[in-house]
Amino acid sequence: MISVLTMQEALLVLNKYWTEHGCLVVQPMNTEVGAGTLNPATFLRVQGPEPWRVAYVEPSVRPDDSRYGENPNRLQTHTQYQVILKPEPGNAQELFLGSLQALGIDTAAHDIRFVEDNWASPALGAWGLGWEVWLDGLEITQFTYFQQAGGITLDPVSVEITYGMERILMALQGVNHFKDLEYAPGVTYGEAFGQAEYEMSRYYLDEADLDTQRSLFEAYAGEARRMLDARLPVPAYSFVLKCSHAFNVLDARGAISTTERARSFARMRGLAHEVAELWVARREELGFPLGRVSSGDSAPADTAVSEAPERAAAAEPVEAEQDTAAPPAGPGPATLVVEIGVEEMPPAEVTRTAQAVRTALTEKLGATRLGHGEIRVDASPRRVVATVLGVEPREADYEQTVRGPRVSAAFDAEGNPTKAAIGFARSNGAEPADLGRVTVGANEHVTLTRQVVGRSAEDVLSALLSEVVTGLRSEKNMRWNAPRLSFTRPIRWIMALLGERVVPFTVSSLTSGRTTQVHRDAVPPTAEVPTADGYLPFLKEHGILADAAERRRLVVDGAARLAEAVGGHIQTEQYGALIDEITNLVESPTPILGNFDPKYLTLPADILVTVMRKHQRYLPVVDADGSMLPHFVAVANGRCDHDVVRHGNEAVLRARYEDASFFWKADLETPLSEMREKTHLLTFEERLGSMADRADRISAIARRLAEVIGLSGTDHDVLERAAALTKFDLGSQMVTELSSLAGIMAREYAVRAGESQGVAQALYENELPRFAGDALPETLPGALLALADRLDLLVGLFAIGAEPTGSSDAFGLRRSALGVVNILLSRSDLAAIRISQALAVAAEHQAVTVEQKHLEGAAQFVLRRFEQQLIELGHSTTDVRAVLVRGDSPRLATRTLQELEGLQGDDRFATVLAAFQRVRRIVPAGLEAVYDPEQLQEPAEQALHAALVKCRQVLDGETSLVRLNAETGELVDAVNIFFDNVLVMSEYPAVRANRLGLLAGVRDLAEGIVDWESLV
């Protein structure tokens, strides 16, 4: 490792490295920009078909990050180093790792990871998919494949690499505050720029004149508009950037309302879109001076830094492999192994993709005649490995019969074949004399029967595997420099072997072979696979565990062992989802024990755990009582220097906890009312207002629901106070930074502000349940607030047409619907509340018009979630659907379901069911139960009337299915006798109507208890 660089030297090293790899070096933008992405060298140049490689330093100005130079990690002006490679070259990750080596980072000693992070800029209509790059847990770079900019789909796709220079240098130099960085020999960062950081923070947070900034925004927007009209996209864009900065200054001062934010974003996005379109048009008028990139072209292949020639080799595109030396497929079954090599997939997609590939292989192989054994699919972040045992060498031969025209059309009167018969025979490679006959219905047709020779396994698999790869999809798909492919991240190699022989096929620019890629820092980083047999052990020998279950076991066992060494343990059940995520972030888990200063244990444990879990994916270590210990377990990927990685992760966590301490102290000094006021600046949804507007609606809905259940006394007082404060913590610095702490921080801050424990608990419970299986509110005020929260969400979003579609559920409405159901299920004191009634209450307080169809849609949505939950719990679909007539009251529906299940096999209930279904079949839908007892002449109908009257008196409105079953024996007998002895459909209309009215009365006795028709 070379000596540690100063920041100035690091910037020069990156300039040298990227110019050697074909990049132009340009200068920073000459006005404030929030990120290197906004520089015209990125935003404009990624548009259109021209190739473009550029690198530059960009001082990135973010007024909202102003901290007066006091926070060790936050600056209003930080230094980014920006690289754009257009088109993406296919080896950008390897090039990036080479640049880290050039900076003196030993990539084999450190834990360097690509962790899912998808980027978007609403103001610029831009987005892309990629990663944040971690160096021992520290985010040092944003790595993005651009998909859109200015609302325009980009072709070709560019890759953006954005280095966070202060972070990288703080890690390399081992300092804990940006001021202590050695910027140049003998000069610290603080000495050079500390004064500017303080003074600009003062300006952005305290001194900036709001009226002036608003005037500047309007002036800049007007000038951008004028330049667009003059067809000058470059100056127009410079004024869009000035607009953006003026907006950011206003935002840092808390001067942007919800409406103003939405309007400003829309305005800037519209201008940026016009700029992008005009830029491409102007470049086309100039003949695209830099040339054009054809679809599927790659940028010139690069060689990596001389210190790592093996990495450069890995960067080359996979060539078609010549496999003539391999022996021909043997006569017996062979193992098939297929590996789809991918740049690091998001953790959730690892599991999902494994399932999708297994399903696709099962279905596609099932549609062939190729015999095979067990199908197994394993996946890790960089690969999906499918293994199929016992693949036969070829399909079985079979006899195929093809039906042709009718005999009457195939032969003339003399029995000679017509043109139709001759054509049919020739099209199937036969002669008319070979035709047979078959009768289909009333017609006789000619047929042709032939022996079809089964295809070879290679022929079958070549076509089938190509379809599997091209059919891959994820929740968020991206494009890269591979025509016709779209997936969660770029597919970079395909290995496919049947026994010892390559299964040849091509997908886009990729050709299958026998080469796999192993760890990037391995020497060499590729490996030739001799045979499909024993491939998972082969990978294991190279330090890669494709089996997720094995990786998970190593994570759990390793973490438990480390925690035990310091007198603690890992709550593996509580952190199961986090362990699953960690499992799919690594190919070779390496648990490492880290420590932090015990002074941070004075922060609430929820803060400590959230920072570990959300930001760092660390596992907390706790003692026997569940109290936090000053230790954690990080999980590195593969071999590394444990001391180096431990030190790096400890430094990252220390910085995170310093941030948390800063937010905690600042929030404790802020009155709750002031935090609540800040929620006016937080947009919920443009048409539904701010978070403050939403909080007001929740409060009003909760109070109305309290009236429905007759809330009084202490609970009433607690609800009133909690309703006035609800959602206040969204205006805190802590929740702004760590949104998952909403509710938790409300409780913490409320108690410390002198609110009662009941109010604090209700504010916390407002957010429950947060996810499937989460705790439900334990107090009545908390339950009412939580219910009101979810009702407001459902009604408001259905009213604006934002209900979930497919897998998309941006506002978590499915979770909210189940929250409504489970809160009502959990508390008998909420039994008076009906879902439809509660939704109607929520509708009264919306900022938009709520039509009846919206309420009905929301009610059905909740009912369907309730139905799904009951079925997933193992209840019969038939029984569940029968009790959903009572779904408006989940407790009543659930009780009825339990009763219905208890009556299964009961002979009495079978007769009751049969009798009521018989009645319902004959009584027209909607017929009222109106009849004249005096007109009942037959003994059987008089007896039925008497039994009905008696049953009504006994039941007295009882809605229990068990009670109905127990008390209707005499009525059921009377029904059966009635049908045996009375002609309901009498020829006399008055008699018929009277008898039907009597039966309608029987029907209505059990109406609404269950759906009797569904129990057939």
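Numbering (numbering that gives the first Met the number 0), first residue to last: 0 to 1015.
We put the beta carbon where it would ideally sit given N, CA and C, even for glycine.
One or two residues paired with residue i in a DSSP bridge
i    : result
R500 : L497
L335 : V387 and L497
A183 : V186
N636 : P588
Q141 : E131 and T161
I151 : A148
R61  : Answer is none; R61 lacks a bridge partner.
F410 : P416
M477 : F486
Sub-8 Å separation of residue i and residue j beta-carbons
i    : j    : result
V555 : T571 : yes
A946 : A928 : no
G403 : H444 : yes
E766 : G730 : no
V634 : I569 : no
A858 : S835 : yes
L270 : L37  : no
H641 : G593 : no
A701 : A787 : yes
A333 : G498 : yes
C-alpha distance - residue i paired with residue j, whole-angstrom precision
i     : j     : result
E315  : N90   : The predicted position of E315 is uncertain, since its pLDDT is 35 and thus under 50; no value can be drawn from it.
M6    : G193  : 15 Å
Q450  : A456  : 18 Å
S237  : W492  : 42 Å
G331  : E391  : 7 Å
G557  : G173  : 28 Å
Q152  : P121  : Going by the sequence as given, residue 152 is Thr instead of Gln. Using only the alpha carbons, I get a separation of about 15 Å.
V341  : A576  : 23 Å
A654  : L227  : 45 Å
L134  : M611  : 16 Å
A9    : A101  : 9 Å
R890  : L687  : 31 Å
E176  : R560  : The sequence shown places His at residue 176, not Glu. Each residue's Cα considered, the two are about 34 Å apart.
V376  : A366  : 19 Å
V292  : E93   : 22 Å
W1011 : R894  : 17 Å
A924  : S1013 : 16 Å
F865  : V882  : 11 Å
I1017 : L388  : Outside the shown range of the chain (0 to 1015) lies residue 1017, about which nothing can therefore be said.
I578  : R551  : 7 Å
K178  : P71   : 8 Å
Y219  : M267  : 11 Å
Exposure of residue i, with buried meaning 16 or more beta-carbon neighbours within 10 Å
i    : result
M984 : exposed
P326 : Low local confidence applies: a pLDDT of 46 at P326 is under 50, so the model's placement there is unreliable, and no value is given.
Y987 : exposed
G440 : exposed
E898 : buried
V317 : Annotation note: pLDDT 37 at V317 (below 50); position unreliable, no value reported.
G68  : buried
Q916 : exposed
G772 : exposed
T848 : exposed
N415 : exposed
L11  : exposed
D658 : buried
Inter-residue CB distance, residue i and residue j (contact presumed, cutoff 8 Å)
i    : j    : result
R436 : V459 : That belief does not hold up - the Cβ atoms of R436 and V459 are roughly 33 Å apart, past 8 Å.
R789 : V758 : About 20 Å; that fails the 8 Å criterion.
Y574 : L618 : 6 Å
I543 : S426 : At roughly 52 Å, the Cβ-Cβ gap does not stay under 8 Å, so I543 and S426 are not in contact.
T350 : N636 : With a Cβ gap of about 18 Å, T350 and N636 do not count as contacting.
F216 : F246 : 6 Å
Y656 : Y748 : Not really, about 19 Å apart at Cβ, beyond 8 Å.
Q75  : M164 : About 15 Å separates the two Cβ atoms, so there is no contact after all.
I976 : A999 : So it is not a contact: roughly 18 Å between Cβ atoms.
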